[in-house]
Amino acid sequence: MPKKKLSYREVALLAYPDADFEKFKYTITYLKGVHGAEGDLVEGEKIEVKNGMVFNVRRSDKS
Numbered sequence: 002m003p004k005k006k007l008s009y010r011e012v013a014l015l016a017y018p019d020a021d022f023e024k025f026k027y028t029i030t031y032l033k034g035v036h037g038a039e040g041d042l043v044e045g046e047k048i049e050v051k052n053g054m055v056f057n058v059r060r061s062d063k064s
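Under the working numbering, the first residue of the sequence shown is numbered 2, with each subsequent residue one higher.
Following this line, the structure appears as structure tokens:
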């Protein structure tokens, strides 16, 4: 089975379908990743996803 990876922007769009990357900053953290991984996902990164993984996405003004 091929491994699925999601980018920072793809995860943000799952949480906020109207995501505006010029106007807002998105803070993404994850838990229960591959091999129990947890941490932050930042612009330009991709992460391998698995069933049961938890993402937290917060949106804030860029100011």
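In this text, a Cβ means the ideal position worked out from N, Cα and C, and glycines have one as well.
For this session: Starting from the C-beta of L14, find all residues in its chain whose C-beta is less than 6 Å away, skip the five residues before and the five after it, and write them out in chain order.
Result: Indexing the sequence shown from 1 puts residue 14 at position 13. Result list for L14: A20, in chain order.
Exercise. Rounded to whole angstroms, how far is the Cβ of Y9 from the Cβ of E39, which I believe are closer than 8 Å?
Worked result: On the sequence shown, residue 9 is found 8 positions in, with the first residue counted as 1. On the sequence shown, residue 39 is found 38 positions in, with the first residue counted as 1. Distance from Y9 to E39 at the Cβ level is roughly 16 Å; contact not present, criterion being Cβ atoms closer than 8 Å.
For this session: Could you tell me which of E23, K33, K5 sits nearest to G53, measuring between CA atoms?
Result: Taking the sequence shown and counting its residues from 1, one reaches residue 53 at position 52. The option with the nearest alpha carbon to G53 is K33.
For this session: For E11, name the three-state secondary structure that DSSP assigns.
Result: Mapped onto the sequence shown, residue 11 falls at position 10. DSSP places E11 in helix when its eight states are reduced to three.
Problem set entry | S61 vs F25 beta-carbon contact at 9 Å | As a position in the sequence shown, residue 61 is number 60, starting the count at 1. As a position in the sequence shown, residue 25 is number 24, starting the count at 1. Yes, the Cβ-Cβ distance between S61 and F25 is below 9 Å.
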